[in-house]
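J.: Read in order, the letters of the sequence shown correspond to residues -19 to -1, 1 to 519 in mature numbering (1 follows the signal peptide of the UniProt record, and there is no 0). The beta-carbon is built from N, C-alpha and C at its ideal position, and this holds for glycine as well.
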Amino acid sequence: MAPIHYLLPVIALGSAALAQQDAFQAKCHSFANKIHIPNVHVNFASYIPGGTNLSLADNPPSCGASSQPVSADVCRVAMAVATSNSSEITLEAWFPRDYTGRFLSTGNGGLSGCIQYYDIAYASGLGFATVGANSGHNGTSGEPFYQHPGVLEDFAYRSVHTGVVVGKKLTKMFYEEGFDKSYYLGCSTGGRQGFKSVQKYPNDFDGVVAGAPALNFANLISWSAHFYTITGSPTSDTYLSPAMWKVAHDEILRQCDEIDGAKDGIIEDPSLCNPVIETIICKPGASSNNCLTGAQAKTVREVLSPFYGVNGTLLYPRMQPGSEVLAAPIMYNGYPFPYSTDWYRYVVYNNPNWDGATFDVQDAAVALAQNPYNIQTWDADLTPFRKSGGKLLAYHGLQDQLISSEISKLYYARVAEAMGMPPEDLDEFYRFFQISGMGHCGGGNGACTNGHCGGGDGAYAIGSSLGTYSGKDPENNVLMAMVQWVEKGVAPETVRGAKFANGPGSSVEYSRKHCRYPRRNVFKGPGNYTDENAWECV
């Protein structure tokens, strides 16, 4: 047995650790009573130990999350924040025990009023004091917008900014040292919210990571609505079943996969892919199981074409080739797209009976002219953000089945033109990465949750969320790459993605470095396409 005097330091250390734990818990439990911020009503503050599978019994069922695994000890603060006399947001702030001195806000998805607990858990697990809100309403429907302009204003821009203002105050109250830097992490609608912060509130964040942004929002809604006018219903001769979309997808890969130099089932630069779908029109008497009718070939061609409005003006770029299998059950399923229908019913026309099947380009013109609270998020002059010292890292999956990756390139061009800056100058504060093999905001099987639908065949795991986590070093984690850019001045030249062998959390099959736009990946060899060093950004 060890002498008593050797055990005393160990006991002392254990007691100190226990006291620290007790102090953190005690601070958390008493924190609610110390919060006195105008328009803020605190519901509770509770200590959540790491390893807990947190029950979310009050989360709206349509949000699709009844629980959330929590990896780190946190103090969870839930509150309601009034944004006007007739609107409020539900806000949560999670303060980790192992705090890094960094503040972070998350965003939302789709039209949803869902707090993205998986993003809050992810960021707080990395040591960020993290906030997330419900964008001013509950659930995934757009119905709460109906005749409630305050709710719509929260969704357009106010929810995130309000959460940031309150969240920063709370962070300074909870931690004596306050915070050193502030960050944003979001995708889809969350990507748009990140860009809106850059455009409207350039001092809110030091670093913004925004993925698959729903920019040009009104036209995105109309673009999504117009697919039904092309495909028709499942009984229409213009309709393709998911199996037939797979036939079209395989032909597109046959024509375009090797443009980048490697046959790997992934199109590295869809802008170089202009497939000729007529090649798989059925010959007379041929089986229709592996070929298309003329009407179906026309559907594919129109789906992969830009969307033009009244007088032939471009409203939205084409869906990028390569996303057919992922998009088929969502965008081309023979029914009006629900987010678009909700937007027209409850915002554009204030008519709950509006029929999405009647959509045409005149409707698109009405929606664009309306643009409530400048939800377009299309302002191109980012000079105030640049002058504030802010950094913006945007990414977009090149198999995105909900928001065409072409929109991110179009916006990048608008910024370059508006600011009179070539890419090498934009690189100082704004870098855009195209992520081949990534679907909408990540990977997985294409199943949708709160507007995040995953999907993708390649090295999509870039550390933008729990589902794309493969390490926390900056080389493998886009959020930590942003931290390194902001805090050490080391900007990311590439974004490394991991291809999981069997879905998120499994072993890494291979990695690939994704290029900074306008560069693109080309396979140079030697070696296999799974060797990241066999690729070159050109």
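Note the first and the last residue of the continuous alpha helix (DSSP H) segment covering residue 177.
T.: 170 to 181
J.: For residue -14, does the three-state DSSP call read helix, strand or coil?
T.: The predicted model places residue -14 with a pLDDT of 46, which falls under 50 and marks its position as unreliable; any figure quoted below should be read in that light. Residue -14: helix per DSSP, three-state reduction.
J.: Report the residue from 243, 216 and 337 whose alpha carbon sits nearest the alpha carbon of residue 277.
T.: 216
J.: In whole angstroms, what separates the C-alpha of residue 337 from that of residue 127?
T.: The alpha-carbon of residue 337 is positioned some 16 Å away from that of residue 127.
J.: Quick one, are the C-beta atoms of residue 280 and residue 219 less than 8 Å apart?
T.: yes
J.: Leaving aside the five residues before and after residue 195 along the sequence, list all residues of the same chain whose C-beta is less than 8 Å from its C-beta, in chain order.
T.: 169, 170, 172, 173, 201, 358 and 384
J.: Reducing DSSP to helix, strand and coil, say where residue 518 ends up.
T.: strand
J.: Quick check: what's the CA-CA separation for residue 588 versus residue 247?
T.: Residue 588 is absent from the model: the chain starts at -19 and stops at 519.
J.: Where do the ends of the alpha helix (DSSP H) carrying residue 277 lie?
T.: 275 to 284
J.: Bridge partners of residue 58, per DSSP?
T.: 26 and 74
J.: Among all the DSSP beta bridges, which residues are the ones paired with residue 114?
T.: 72
J.: With H, G and I counted as helix, E and B as strand and the rest as coil, what does DSSP make of residue 314?
T.: coil
J.: Look up residue 49 in the DSSP assignment and say whether it is helix, strand or coil.
T.: strand
J.: In three-state terms, what does DSSP make of residue 14?
T.: helix
J.: How is residue 191 classed by DSSP in three states: helix, strand or coil?
T.: strand
J.: Given that a residue counts as buried once 16 or more other Cβ atoms are within 10 Å of its Cβ, and exposed if not, what is residue 3?
T.: exposed
J.: Excluding five sequence neighbours on each side, which residues of the same chain lie with their C-beta closer than 6 Å to the C-beta of residue 269?
T.: 263
J.: May I ask you to check if the CB of residue 49 is nearer than 7 Å to at least one heavy atom of the ligand GDP?
T.: Of ligands this structure carries none, so the ligand GDP is not represented either.
J.: Leaving out five residues on either side along the sequence, give the residues of the same chain with a beta carbon under 8 Å from the beta carbon of residue 238.
T.: 244, 245, 246, 247 and 248
J.: Just the Cα atoms here: how many angstroms apart are residue 18 and residue 59?
T.: 14 Å
J.: Among 29, 424 and 64, which one has its Cα closest to the Cα of residue 50?
T.: 29
J.: Since residue 361 contacts residue 396 with CB under 8 Å, what's their CB separation in whole angstroms?
T.: 5 Å
J.: What's the C-alpha gap between residue 296 and residue 351?
T.: 15 Å
J.: Below 8 Å on the Cβ atoms is my contact criterion, and I expect residue 41 with residue 95 to pass it. Report the Cβ-Cβ distance as a whole number of Å.
T.: The C-beta distance from residue 41 to residue 95 rounds to 7 Å, short enough to meet the 8 Å contact threshold.
J.: Which one of 147, 265, 506 and 505 has the shortest CA to CA distance from residue 73?
T.: 147
J.: So, with DSSP's three-state summary, where would you put residue 209?
T.: helix
J.: State the start and end residues of the unbroken alpha helix (DSSP H) segment that holds residue 144.
T.: 140 to 155
J.: Determine which residues share a DSSP beta bridge with residue 414 and list them.
T.: 376 and 497
J.: Output needed for residue 517: all residues of its chain with C-beta closer than 7 Å, excluding positions within five of it in sequence on either side, in chain order.
T.: 503 and 505
J.: Leaving out the 5 sequence neighbours to the left and right, which residues in its chain are closer than 7 Å to residue 299 when beta-carbon positions are compared?
T.: 285, 286, 287, 385 and 387
J.: What do you reckon, are the CB atoms on residue 511 and residue 485 nearer than 8 Å?
T.: no
J.: Give me, in chain order, the residues of the same chain whose beta-carbon lies closer than 8 Å to that of residue 466; leave out the 5 immediate sequence neighbours on both sides.
T.: 188, 372, 374, 472 and 473
J.: Quick one: is residue 341 buried, meaning 16 or more other Cβ sit within 10 Å of its Cβ, or exposed?
T.: exposed
J.: Reducing DSSP to helix, strand and coil, say where residue 96 ends up.
T.: coil
J.: Please say whether residue 273 and residue 229 have beta carbons closer to each other than 8 Å?
T.: yes
J.: For the 8 Å Cβ check, are there 3 or more pairs between the region 53 to 71 and the region 135 to 144?
T.: yes
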